[in-house]
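Counting from 1, position 149 in the sequence shown corresponds to residue 247 in my numbering; the numbering is continuous, with no gaps. For glycine and all other residues, C-beta sits at the position ideal for the given N, C-alpha and C. Contents: one structure, followed by commentary.
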Amino acid sequence: MMAFSAATIARFDREVAKYPPEQRVSAVMACLAIVQHEQGHVSREAEEALAAYLRVPPIAVHEVTTFYNMYNQQPVGRYKLNVCTNLPCQLRNGQTALDHLCHKLGVEPYGTTADGRVTVQPSECLGACADAPVMLVNDREMLSFMDEARLEELLSMIRAEA
């Protein structure tokens, strides 16, 4: 089984200390974020090790990892582009935006470019329906009104950072 470093365990300990001992599983999201920050993604092995640390069944960690799209279950590119494909964005060309990115980058949804720089994923609601279609870059930056022209601007910026 995977072993976390002492520094990682110390970070986990700080998160777990925020909750009563019988509620230590409440720190699962913060601990998953720590794992992802340190390793780039959350592997099944890391989920199992975290479950052992939290003293919960592995499924209790896995269901959190798989529910939220902010946790990468496999390595992703330097740029992770989540395109909302929920109904409000669909009605304003969210699927068209996803298809455009995939076509331009030569990947399928959930795919990563051959150079490993960009991963494109469909996403559930990002909570900015009035700005549809929207996307989230690297789980941090929300971009609104992503028509083909704005998508091309984004791709140009990404290419320029090569």
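Checklist entry - Taking the alpha-carbon positions, what's the A212 to A108 distance? => result Within the sequence shown, numbered from 1, the residue matching residue 212 stands at position 114. Within the sequence shown, numbered from 1, the residue matching residue 108 stands at position 10. The alpha-carbon atoms of A212 and A108 are separated by roughly 37 Å.
Checklist entry - For A230, which option in F243, R238, E239 has the closest C-alpha, if you only look at C-alpha atoms? => result Taking the sequence shown and counting its residues from 1, one reaches residue 230 at position 132. When each option's Cα is compared against that of A230, the closest is F243.
Checklist entry - Which partner residues does V181 have in the DSSP bridge list? => result Counted from its first residue, the sequence shown places residue 181 at position 83. DSSP, once it has assigned bridges, lists P220, M233 as partnering V181.
Checklist entry - Helix, strand or coil: how does DSSP classify L189 here? => result Within the sequence shown, residue 189 is the residue found at index 91, counting from 1. When secondary structure is reduced to three states using DSSP, L189 falls in the coil class, being assigned neither helix nor strand.
Checklist entry - Would DSSP call M244 helix, strand or coil? => result Walking along the sequence shown from the start, residue 244 turns up at place 146. Three-state result, M244: coil.
Checklist entry - Just checking, does the region 150 to 168 make contact with the region 128 to 142 on the three C-beta pairs under 8 Å criterion? => result yes
Next on the checklist: Taking the alpha-carbon of A158 as reference, which of Y166, Q172, V123 has the nearest alpha-carbon?
Outcome noted: Position 60 of the sequence shown, counted from the first residue, corresponds to residue 158. Minimum Cα distance to A158 is reached at V123.
Checklist entry - Alpha carbon to alpha carbon, how far is L253 from L196? => result The count along the sequence shown starts at 1 and reaches residue 253 at position 155. The count along the sequence shown starts at 1 and reaches residue 196 at position 98. Rounded to the nearest angstrom, the two C-alpha atoms are 13 Å apart.
Checklist entry - Between which two residues does the alpha helix (DSSP H) harbouring C227 extend? => result The sequence position of residue 227 within the sequence shown is 129, counting from 1. Run containing C227: none; DSSP gives neither H nor E here.
Item to check | Counterpart residues of E239 in DSSP-defined beta bridges | outcome: Numbered from its first residue, the sequence shown carries residue 239 at position 141. According to DSSP, E239 bridges with V235.
Checklist entry - Once you ignore the five residues that flank H139 on each side, which residues in its own chain have a CB closer than 7 Å to its CB? => result Along the sequence shown, read from residue 1 onward, the residue named residue 139 stands at position 41. Excluding positions up to five away in sequence, the list reads N170, Q171, Q172, P173, V174.
Checklist entry - Smallest Cα separation from N180: which of P186, N167, E251, K202? => result The residue given as residue 180 occupies position 82 in the sequence shown. Ranking the options by Cα distance to N180, first place goes to N167.
Checklist entry - If you measure from the CB of E120, is any heavy atom of the ligand NAP nearer than 6 Å? => result Only the bare structure without any ligand can be found here, which leaves the ligand NAP out of the picture.
Item to check | Per-residue burial, Y117 [other beta carbons within 10 Å of its own, 16 or more giving buried] | outcome: Within the sequence shown, residue 117 is the residue found at index 19, counting from 1. The residue in question, Y117, is exposed, as its Cβ has fewer than 16 Cβ neighbours within 10 Å.
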